[in-house]
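In the numbering used here, the protein residues as written are 81 to 159.
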């Protein structure tokens with residue numbers, strides 16, 4: 081897997097990779113990550129991949145991070 085670059089975003093770190101005929105877009109916070117895999121056959125290139133991750137999409141990713149943190153907190157503190 082090789083690193084292509086970062087996708088600027090103020091809410092979380094977003095990195096773009098390519099490997100095995102797929103683009104990997106990784107969203108990261110200090111403790112969690114989410115990765116989306118996109119086949120090269122689904123997009124026309126790197127620029128189209130970057131365009132997929134709109135502000136609305138990133139807002140949903142951030143909401144999912146909040147849910148993940150809640151789940152982790154509940155698992156660590158069950159009572």
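By construction, the Cβ of each residue, glycine as well, lies at the ideal position given by its N, Cα and C atoms.
- Sequence-distant Cβ neighbours of residue 93 in its own chain, meaning closer than 6 Å and more than five residues away, are 108.
- Straight across, the Cα-Cα distance linking residue 113 with residue 144 is about 10 Å.
- Closest option to residue 120, judged by alpha-carbon separation, among 111, 104, 133: 104.
- Counting only residues of its own chain and dropping the five nearest sequence neighbours on each side, residue 89 has a CB closer than 7 Å to the CB of 138.
- Take the alpha-carbon of residue 124 and the one of residue 155: they are about 41 Å apart.
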